[in-house]
Structures are given as C-alpha cells and as structure tokens.
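S.K.: Position one of the sequence shown corresponds to residue 772 (this note's numbering), numbered consecutively onward.
Glycine is no exception: its CB is placed at the ideal position from the N, C-alpha and C atoms.
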Amino acid sequence: MMISRSWQLMICTLIIAGFSGMAFCADNAPVQARSLHVPYSIPLKDITLEGYLVSSDNTSYASTVIIILHGWFSEDVNGARAYLSYANRLASAGFTAITVSMRGWPDTGGIDDCGHKQSLDLVEAVEWLKNRSALQLSNIGIVGFSQGGQVSLLTTAKSDQLDFTVAYFPVTDINAWQKSSNIKGITHDYIPNTCAQAPGKELKSPINHVRSISTPVLFIHGDEDLRVPTEQSISMVDKMKQMNKYSELLIIKAAGHGDFSAEQSQLAFDTAVDFIHRSIE
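1) Cα-Cα, which of Asn-859, Thr-870, Asn-849, Thr-943 is closest to Gln-1003?
2) Assuming Ser-831 and Asn-910 are in contact, meaning their beta carbons sit under 8 Å apart, how far apart are those beta carbons, in whole angstroms?
3) Mind checking which residues open and close the alpha helix (DSSP H) that includes His-1048?
4) Are the beta-carbon atoms belonging to Gly-842 and Ser-917 less than 8 Å from one another?
5) Answer yes if the segment 958-969 comes into contact with the segment 892-911, meaning at least three C-beta pairs across the two stretches below 8 Å, and no otherwise.
6) Thinking C-alpha only, which one of Asp-883, Arg-860, Leu-893 is nearest Lys-712?
7) For Ala-717 and Gly-1027, what's the separation of their Cα atoms in angstroms?
8) Report buried or exposed for Arg-998, applying the criterion of at least 16 other Cβ atoms within 10 angstroms of its Cβ.
9) Counting C-beta neighbours from all protein chains within 10 Å, is the total for Trp-899 16 or more, i.e. buried, or is it exposed?
10) Would you list, in sequence order, the uninterrupted beta strand (DSSP E) runs of no fewer than 3 residues that lie entirely inside the segment 992-1030?
11) Between Thr-926 and Ser-890, is the Cβ-Cβ spacing less than 8 Å?
12) Using the Cα positions of Thr-879 and Cys-885, report the straight-line distance between them to the nearest angstrom.
13) Among the candidates Asp-931, Phe-940, Leu-906, whose CA atom is the shortest distance from the CA of Gly-919?
14) Please state the DSSP three-state secondary structure of Leu-840.
15) Looking at the strands, I want to know which residues DSSP matches up with Pro-810.
16) Quick check on the burial criterion: 16 or more other C-beta atoms within 10 angstroms. Buried or exposed for Pro-801?
17) Nearest to Ser-923 by alpha carbon, out of Ala-938, Lys-972, Gln-932?
18) Thinking just about the alpha-carbon of each residue, which of Ala-928, Ser-1018, Phe-990 is nearest to the one in Ser-976?
19) In chain order, what residues of the same chain lie with their CB nearer than 7 Å to the CB of Ile-1022, ignoring the 5 residues before and after it?
20) Taking 8 Å as the threshold (C-beta atoms), are Ala-864 and Val-825 in contact?
21) Give me whichever residues DSSP pairs with Ala-905 in a beta bridge.
22) Let me know if Arg-860 comes out buried or exposed under the rule of 16 or more other beta-carbons within 10 Å of its beta-carbon.
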C-alpha cells in the first residue's frame, strides 16, 4: 500500500497500568520506512472495534496484516493509541498493522469480561478483514500483549483463519495466575469479580484450549515478571508440545512485565518478525 504523504512517529510510548506495562520506543531502532496511521473501524454484530491502520512506503509484506492487541489498562486509556509505536515498527518492516481497542476500552466501548467476548470479537474481526478487498490480504495474524496475549491465544483456539500468533507475557491459566500474581488488585478484585463471571475462569484460560490450536504461536516473557509470572507461558508451551502443537518461547533475562530495556525490546521485536516471516513462507 503506497502512501501519498509521510508521517513519522517518533514517540516513546511508556504505559504501566493495571497489569500491563510496556516500553517500546519507535526511535530505539533504525526506522526503515516512512509510515502513516489513519483511524480504522471494524464493524461487528453488536459493537465496532475502533483503532488505527498503520502502513508505510515499504510494501514488501503489505499483504500480511497484523492485528495488535493491548493489555489491561484503566478504563479511560485508549489501547489502540497506546500501541501505535509498536505498530509503526511493524509497518516500517513492511507489514500492514492494525491496532484495536478491545471491548471495554475507548473508543470501542462495551464491557471487559476478562477475554471471552473480546476473543469472539476478534474471531469476527479476522473474518471481516479477510473479506476486505482493499487490503489485498494474503496472510493475517495477531500480536497481543498481556491480556491482549490471552485474547490472542483464545482467538487462535477459536479460529482457523490465522497464520501466526505472537503472545507477549500472556495470561494463560487464570487459576494459577490468581495464586501467583503480586498485584492484589488482580487477585482480590479483577479475577473474582470479572474473570470468574460466566462463562468462568476455565473457559477464559487459553491453556484449556490447546487442543483446538492449529496456528504456530510464539511466546515472549520476561523471567522477572511478577504481575503475570513467566510460568504462564512456560506451562502452555509445555502443554502445546505434549499435544504436538507448534510453539516457540523467548524468555527475556532480567525483564519484568513488559518493562523491557531498548535492547530487550529490540530482541523481542526481531524475534517476533523472524517468527512471522517463517510462518508465512
């Protein structure tokens, strides 16, 4: 997708809220191409996902569309806008990136239910995007962070339309997470009052849906993550191996819940891009 004018994103987005903390700076790495973001809406049956479409004048992989899912934030934070920096990096690498605010956050609206309805939204969104002739889409995948990682994995289990999934420090087992997270607001409030509501913690835990996954998955996790402990990724990777499902795991040394250094951020990004390239070959 060629762009008539350039827009350079040179902003470092640092957000540490709830159980999602992420530091990814567009100017930590060489910018490979000029990029532009425009508002983008995905109309679904009962809600419209609002976000941004980000593309660049590097069109080498423009037919590969990557949906970016944010983590949990306070209800006034626009998750789609928060991850424009990461989307810009993907666009500069030649992909078409779409950031969306999940159900429960502005400007999408609705109510967060700890991943269940959000994953159903994403299944529908993937189908909608695959039917957009303007995108000239040949491959589609999801990159999710924290709760967005959880939603990306649940979506992967419910859809056979994805070519790859990348889950950064995802929640995979809500019962285990409740016992191990160091955030009391999560263990004493969010999990019992939101995650435990119908259809329940078990059905909202990706580890219980491994049998239904057919898409290759990359997990990225810091080994000092106390909000969503590293075991959340390790245990799901182990279960996927037991069931002959393809997955890879990158553990970032001396990294917490997304508070990666510039070097760690670059390692994670490069690993994700390499994984995506291999998945679409």
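M.R.: Put simply:
1) What you label residue 1003 is simply residue 232 of the sequence shown in a count that begins at 1. Answer by Cα proximity: Thr-943.
2) Position 60 of the sequence shown, counting from 1, holds the residue named residue 831. Position 139 of the sequence shown, counting from 1, holds the residue named residue 910. About 13 Å separates the beta carbons of Ser-831 and Asn-910, which is beyond the 8 Å limit, so they are not a contact pair.
3) As a first step, residue 1048 is located in the sequence shown; it is residue number 277 there, counting from the start. Counted as a single uninterrupted DSSP element, the alpha helix (DSSP H) harbouring His-1048 occupies residues 1033-1051.
4) For the purposes of this step, residue 842 is taken as residue 71 along the sequence shown, with counting starting at 1. For the purposes of this step, residue 917 is taken as residue 146 along the sequence shown, with counting starting at 1. Cβ atoms of Gly-842 and Ser-917: closer than 8 Å.
5) no
6) The displayed coordinates of the chain run from 772 to 1052. Any statement about residue 712 would go beyond what the structure contains.
7) Residue 717 cannot be examined here, being either before or after the span of the chain that is shown, 772 to 1052.
8) Stepping through the sequence shown from its first residue, residue 998 is reached at position 227. With 16 or more other Cβ atoms from the protein chains shown falling within 10 Å of its own Cβ, Arg-998 counts as buried.
9) Here residue 899 refers to the residue found at position 128 when the sequence shown is read from its first residue. The residue in question, Trp-899, is exposed, as its Cβ has fewer than 16 Cβ neighbours within 10 Å.
10) 1018-1023
11) Counted from its first residue, the sequence shown places residue 926 at position 155. Counted from its first residue, the sequence shown places residue 890 at position 119. In this structure, Ser-890 lies closer than 8 Å to Thr-926 by Cβ.
12) Reading the sequence shown from its first residue, position 108 is the one you call residue 879. Reading the sequence shown from its first residue, position 114 is the one you call residue 885. Computed Cα separation, rounded: 16 Å.
13) The residue labelled residue 919 in the question sits at position 148 within the sequence shown. The residue with the shortest Cα to Cα distance from Gly-919 is Phe-940.
14) Walking along the sequence shown from the start, residue 840 turns up at place 69. If DSSP states are grouped into helix, strand and coil, Leu-840 belongs with the strands.
15) Position 39 of the sequence shown, counting from 1, holds the residue named residue 810. Its beta-bridge partners are Tyr-823.
16) For the purposes of this step, residue 801 is identified with residue 30 of the sequence shown, where counting begins at 1. Model confidence at Pro-801 stands at a pLDDT of 44, short of 50, so the residue's coordinates are unreliable and nothing is read from them.
17) Along the sequence shown, one-based indexing puts residue 923 at 152. For the residues Ala-938, Lys-972, Gln-932, the minimum Cα distance to Ser-923 belongs to Ala-938.
18) Translated into the one-based positions of the sequence shown, residue 976 becomes position 205. With distances taken between CA atoms, Ser-976 lies nearest to Ala-928 out of Ala-928, Ser-1018, Phe-990.
19) Counted from its first residue, the sequence shown places residue 1022 at position 251. Closer than 7 Å at Cβ, skipping near neighbours: His-992, Asp-994, Thr-1001.
20) Your numbering for residue 825 matches position 54 in the sequence shown. Your numbering for residue 864 matches position 93 in the sequence shown. Not in contact: Val-825 and Ala-864 (Cβ atoms no closer than 8 Å).
21) Residue numbering aside, residue 905 sits at position 134 when the sequence shown is read from its first letter. The partner list for Ala-905 (beta bridge, DSSP) is empty, contrary to what the question assumes.
22) As a first step, residue 860 must be located in the sequence shown, where it is residue number 89. Buried: at least 16 other Cβ atoms inside 10 Å.
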